[in-house]
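Using numbering that gives the first Met the number 0, you'd call the opening residue of the sequence shown number 0 and step up by one each time.
No residue lacks a Cβ here, since even glycine has one placed at the ideal position from N, Cα and C.
Bear in mind that the values here come from a model prediction, so they are computed numbers and not experimental data.
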Amino acid sequence: MGSPSLSVTARLPFRDPALPLGERVDDLLDRLTLDERLAMLHQYVPPVPRLDIASFRTGTEALHGVAWLGVATVFPQAVGLGATWDEDLVRAVGEAVSVEVRAFHRHRPTMTGSGTNSLQTWSPVVNLLRDPRWGRNEEGYSEDPLHTARLGTAYCRGLAGDHPDFLRAAPVLKHFLAYNNENDRCVSSSGLRPRVLHEYDLAAFRPVVASGAATGAMAAYNLVNGRPCHVSPLIEDELRRWARQAGQELFVVSDEEAPCNLVELEHYFEDHAASHAAALKAGIDSFTDHREDSATVIGRLREALERGLIEEEDVHRAVRRQLQLRFRLGEFDPDLDPYAGIGPEMIDCPEHRALALRAATESVVLLKNDGLLPLDAEQAPRIAVVGPHADALYEDWYSGTPPYRVSIATGLRAALGDGGGEVVCVPGADRIRLLSRTSGRPLGGTSFDVQEWGDGVLTLCDAGTGRYLGLKDDASLVADRTLLKSWFVDETFRLEPDPDGEADTYLLRNVRSGRYAALDPADGQVRVTAESPETAERWQRELLRDGTAEARAAAEEADVAIVVLGNHPMINGRETEDRTGIGLPETQEALLRAVAAVRPQTALVVMSSYPYAVDWADARLPAVLWTSHGGQETGRALAAVLLGAADPAGRLPQTWYRGEDALPHPLDYDIIKAGWTYQYHRATPLYPFGHGLSYTDFTYRDLRLSTPDMAQDGAVDVSVTLADAGTRSGSEVVQLYVRAVGARYEAPRLRLADFRKVRLAPGHSQEVTFRLPAERLAHWDVTTGAFTVDPGRYEVLVARSAEDIVLSAPVTVTGAPPAPRAWVGRRTLAADFDDYADITLVDATRARGDAVAPADPAHPATLLFRGADLTGAFRFEAEVARETAGPAEARLEVRAGDRLLAETAVPVTGDRHTWATVTAVLATPADGHHDLRLTLRGDFRLASFRFTPPDEAPARRGEEGAE
């Protein structure tokens, strides 16, 4: 029997645009068979010809331009957009990107050759830039949750468009949750105590979802508190709760291959049917796994259904969310879709080129200026532009293919034009020849320009062709690539000194394979096959051109030197690989010092995906600037700022730490105790969050609050006057911070509460008013399990940065003081501690709940609970789990101050998710308020505890309740 005619399917209710969306979705859902619904759970959704439904797929990368689909407008990296602090600009960029997404969807082929390019954009990234060593630092906006949420909302609104019924594109927030490390990312767990969870990591997602701007989210690779994010209860408990409050629904997708990781890497489930079932029930609607091979994933879900691990309603719920999205994208109403007419001419159109220039210009941050900038071409007509980024622009993994590239050298030449200025460009790279000690022949029969990118990692570019030397599948070495942009980078090497100590002799080692270059005895060809230095070929390094000497000579002859240093986005810090430190590559630092030694009028431009510790430059140079990899217009933007055609309008979106500042461990996600970000970092940074200089002078005056006090659910209007007291127009970011005074908890040093970017002409002023609701003063109260605004004193701070407070005013929050924490007769979660030492946060069950365990069972761990009123307490009970009997006894001790109240042995329960209740009568009465200290000795988990009065019967051992 053939498919119904198009005229028949066109009359079906789901095709009727006059019906409410919910009715149309339900009608279509009811017409789909179970097999058809199951097929919709994979990234690549097949067509349903009998209903005239087209194929569908999730995900187009669009972080700062359309990626991977061909030439498209390339805007600054997300961290660069974050540096603009400009919501209107970020929204405009999002709109331009989504217009090009639409054009690619309708007018360009897919990478797989079938179907259409997706209108669901896997962007923006709202993970917080907690650790500047994160390999994907470039993808986030900021280290601050409010700043991130505001820009994330703006980008989402730009992507989605303003139509009440149709979406231009469907933004998906990445990556839920607490994802800020690459090394071991699929198996590492981010430990989030409740305050960090709610005040920091969730706080970046919450406002974007609650605003209704986002249409979906992607779960992260990592685990949180021992539970994979793809089966996290937070998807439903938080993400979807916020969305429903805004009258929206979220379509949640998995990250690439993450569903498989639940079994194969994380070993969290015994088989794939169980893991896929758990992910679906937790809220994953679409499985991005096995690329175009949907049969494997759908087979696992079908098995889960047959085994009773999921129900048909679980499938229906996920498919309903997908269909809602597809209707909103206009798939079923092409004649009504207001965005259907977007044509291919919008890709790389003049308007988008102009916007790319504006975004790149406004993202430049002037970190230091002792008067060198802006440059005066008449006073300094000869400019030497030096460094690996002087005449090069690089793409990151999520960058699009730019239609053109304007480097700094090119941009300066164009800006100077016929004005008589001269730009000399010197990359500062050594040119070498590697001569085989065995054959005497040069590697590749040519010479190479060598560039170091940190930790001794090098690229070797053929001096004749400009192509990178790379390792091939047959272990040969060939210089054939002009662009480094692939998941596996085979074009990086190390030149390791000959272990035998022969001068100027090195071993060539490929970074990815770890093997050394050797001569094949059969044919004498060079292949990267040696497993150890003993069998590796020795190479004499012959210096043909001294890059540093060439740069020094150019600087000596110039009036000003611009040294452009930074990272290559595909080397070292990148997806799958964190940085090992925050210092500049050694050869880059040496190049900078050599140039500055002969040309004091030297400005450092850092072009990078993340902060660097440029302590020496800050102390010795007259000017330092930073830009992210700013896209196709980077050079024109920097030239405008360097020459004064544009005011440096950017401000830092994250803290730049000093080189001597020992950063916490990358996996320490507790920003409070570890001291991460401007909120909790104690040492003075090199450049603080929010820092950035202008070429004009701004003054602040007349800070006023509409009222000196407000209720716990009230608000206050904060006004301040900003004036441009300089001689030229400029931009300033007015930053509003708040600080609790004498808090009962460990409060942030200060916290961003609002900001506004203001542009003023010289001699002009503007009153800037903020509405400050009391909720911006809230903290997560572990006693009540909710946000609380404590009554008391606070400070309202107006600042140029987190370390440059210009005005402050007190404000008092009125209301009843918080009630004492109830202890007797009340279950207290172990994770609701006030402080701790040597513990790790773990999962209580596979489905939900948190527990604690010693970080190292060989050493005791401690939990501190302050101000515990134990009046009337008679017995102590605790929920514990112990998988096996270890070499030492497992015990739990309870102290009030230094006084031992109770201790109990912890029995073996047989599984880390199997819980038992242990009890102990208090050794002495403990009436009154105490700082309660629990000490865990041995290998076990603690989910909760409570104190009971003498008239309450003890809990039975084995009684469960850890969830």
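Once DSSP output is grouped into helix, strand and coil, what is the label at residue 254? Your numbering for residue 254 matches position 255 in the sequence shown. DSSP places residue 254 in coil when its eight states are reduced to three.
Name the one or two DSSP bridge partners that residue 527 has. Translated into positions along the sequence shown, residue 527 becomes position 528. 516.
Cβ shell of residue 1049 (< 8 Å), same chain only, five flanking positions each side left out: Residue numbering for the chain in the displayed model covers 0 to 962; residue 1049 lies beyond these limits and cannot be assessed.
Look at the alpha carbon of residue 965 and the alpha carbon of residue 85, and state the distance between them as a whole number of angstroms. Since the first residue of the chain shown is 0 and the last is 962, residue 965 is not available in this structure.
To the nearest whole angstrom, what separates the beta carbons of residue 650 and residue 690, a pair I think is in contact under 8 Å? If you number the sequence shown from 1, residue 650 lands on position 651. If you number the sequence shown from 1, residue 690 lands on position 691. Going by Cβ atoms, the distance from residue 650 to residue 690 rounds to 7 Å, so yes, they are a contact pair.
Among 390, 309, 426, 916, nearest to residue 631 - alpha-carbon criterion: Reading the sequence shown from its first residue, position 632 is the one you call residue 631. Cα-wise, what sits closest to residue 631 is 390.
Where does residue 943 fall in DSSP's three states? The residue you call residue 943 lines up with position 944 of the sequence shown. Strand at residue 943.
Roughly how many angstroms lie between the CA atoms of residue 0 and residue 30, to the nearest whole one? In the sequence shown, the residue the question calls residue 0 occupies position 1. In the sequence shown, the residue the question calls residue 30 occupies position 31. Summary for residue 0: the model assigns pLDDT 42, below 50, so the residue's position carries little reliability, and this model does not support an answer.
On the DSSP bridge list, what partners appear for residue 765? Numbered from 1 along the sequence shown, position 766 holds the residue referred to as residue 765. Per DSSP, 721.
Please classify residue 678: does DSSP put it in a helix, a strand, or coil? Within the sequence shown, numbered from 1, the residue matching residue 678 stands at position 679. Three-state DSSP puts residue 678 in a helix.
Assuming contact is defined by CB atoms lying nearer than 7 Å, are residue 727 and residue 684 in contact in what I supplied? What you label residue 727 is simply residue 728 of the sequence shown in a count that begins at 1. What you label residue 684 is simply residue 685 of the sequence shown in a count that begins at 1. Cβ atoms of residue 727 and residue 684: not closer than 7 Å.
My output table needs one value for residue 832: the three-state DSSP class, helix, strand or coil. What you label residue 832 is simply residue 833 of the sequence shown in a count that begins at 1. For residue 832, the three-state secondary structure derived from DSSP is coil.
Taking the straight line between their C-alpha atoms, what separation do you get for residue 604 and residue 376? Locating residue 604 in the sequence shown gives position 605, where the first residue counts as 1. Locating residue 376 in the sequence shown gives position 377, where the first residue counts as 1. C-alpha separation (whole angstroms): 18 Å.
For the beta strand (DSSP E) containing residue 664, name the first residue and the last one. One-based indexing of the sequence shown puts residue 664 at position 665. No beta strand (DSSP E) holds residue 664; DSSP gives it neither H nor E.
Cα-Cα, which of 272, 665, 345, 750 is closest to residue 131? Working through the sequence shown from its first residue, we reach residue 131 at position 132. Measuring from the Cα of residue 131, the nearest candidate turns out to be 665.
Buried or exposed: where does residue 763 fall if 16 or more other Cβ atoms within 10 Å of its Cβ makes it buried? Residue 763 sits at position 764 when you count from the first residue of the sequence shown. With fewer than 16 other Cβ atoms within 10 Å, it is exposed.
Segment contact, 8 Å Cβ cut-off, at least three pairs: the stretch 783-798 with the stretch 664-680: Flag = no, the stretch 783-798 and the stretch 664-680 do not touch.
What does the alpha-carbon distance come out to for the pair residue 266 and residue 828? Working through the sequence shown from its first residue, we reach residue 266 at position 267. Working through the sequence shown from its first residue, we reach residue 828 at position 829. Rounded to whole angstroms, residue 266 to residue 828 spans 26 Å at the Cα level.
Report, in whole angstroms, the separation of the C-beta atoms of residue 465 and residue 481, which I expect to be a contact under 8 Å. Position 466 of the sequence shown, counting from 1, holds the residue named residue 465. Position 482 of the sequence shown, counting from 1, holds the residue named residue 481. About 6 Å; that satisfies the 8 Å criterion.
Given this structure, state the Cα-to-Cα distance separating residue 948 from residue 891, to the nearest angstrom. Locating residue 948 in the sequence shown gives position 949, where the first residue counts as 1. Locating residue 891 in the sequence shown gives position 892, where the first residue counts as 1. Note on geometry: alpha-carbon atoms of residue 948 and residue 891 lie some 20 Å from one another.
Same chain, Cβ closer than 6 Å to residue 6, neighbours up to 5 away in sequence not counted: Locating residue 6 in the sequence shown gives position 7, where the first residue counts as 1. For residue 6, where only same-chain residues beyond five positions count, there are no Cβ hits under 6 Å.
When you compare each of 343, 710, 268, 378 to residue 968 by their alpha carbons, which one comes out closest? Past the boundaries of the shown model lies residue 968; the chain is included only from 0 to 962, so the question cannot be answered.
Express the C-alpha separation of residue 853 and residue 826 in angstroms, rounding to a whole number. Residue 826 sits at position 827 when you count from the first residue of the sequence shown. Residue 853 sits at position 854 when you count from the first residue of the sequence shown. C-alpha separation (whole angstroms): 21 Å.
Does the beta-carbon distance from residue 659 to residue 697 come in below 7 Å? Counting from 1 along the sequence shown, the entry for residue 659 is found at position 660. Counting from 1 along the sequence shown, the entry for residue 697 is found at position 698. Against a cut-off of 7 Å, the Cβ pair of residue 697 and residue 659 comes out as no contact.
Residue range of the alpha helix (DSSP H) that includes residue 274: One-based indexing of the sequence shown puts residue 274 at position 275. First-last of the alpha helix (DSSP H) with residue 274: 271-281.
Take residue 28 as the anchor and find which of 13, 40, 712, 271 has the nearest alpha-carbon. Taking the first residue of the sequence shown as position 1, residue 28 is located at position 29. Nearest of 13, 40, 712, 271 to residue 28, Cα basis: 13.
C-alpha distance - residue 549 paired with residue 429, whole-angstrom precision: Position 550 of the sequence shown, counted from the start, is the residue given in the question as residue 549. Position 430 of the sequence shown, counted from the start, is the residue given in the question as residue 429. Each residue's Cα considered, the two are about 9 Å apart.
Closest residue to residue 963 among 952, 800, 21, 291 (Cα-Cα distance): Given that the chain is displayed from residue 0 to residue 962, the structure contains no residue 963 and the question cannot be resolved.
Can you tell me the Cβ-Cβ gap for residue 211 and residue 239, rounded? I've got them flagged as a contact below 8 Å. By one-based count along the sequence shown, residue 211 stands at place 212. By one-based count along the sequence shown, residue 239 stands at place 240. About 13 Å separates the two Cβ atoms, so there is no contact after all.
State yes or no: is the C-beta of residue 392 within less than 7 Å of the C-beta of residue 641? If you number the sequence shown from 1, residue 392 lands on position 393. If you number the sequence shown from 1, residue 641 lands on position 642. Not a contact, by the Cβ cut-off of 7 Å.
Whole runs of the beta strand (DSSP E) within the stretch 875-916, excluding any shorter than 3 residues: 890-895, 898-904
C-alpha gap between residue 843 and residue 510, whole angstroms: To locate residue 843, count along the sequence shown from 1; it is residue 844. To locate residue 510, count along the sequence shown from 1; it is residue 511. Approximately 41 Å, taken between the alpha carbons.
Count the other CB atoms within 10 Å of the CB of residue 285; is the residue buried (16 or more) or exposed (fewer)? For this step, residue 285 is matched to residue 286 along the sequence shown. Counting Cβ neighbours within 10 Å, residue 285 comes out buried, since at least 16 surround it.
Can you find the residues in the same chain that come closer than 8 Å, C-beta to C-beta, to residue 529, ignoring five residues on each side of it along the sequence? Within the sequence shown, residue 529 is the residue found at index 530, counting from 1. Correct list, in chain order: 514, 515, 516, 517, 535, 536.
I need the straight-line Cα distance from residue 316 to residue 173, nearest angstrom please. By 1-based counting over the sequence shown, the position of residue 316 is 317. By 1-based counting over the sequence shown, the position of residue 173 is 174. If I take the Cα positions, the gap works out to 22 Å.
Run the CB neighbour count on residue 403, radius 10 Å, all protein chains shown included, and call it buried at 16 or more, exposed below. Taking the first residue of the sequence shown as position 1, residue 403 is located at position 404. Its Cβ having fewer than 16 others within 10 Å, residue 403 is exposed.
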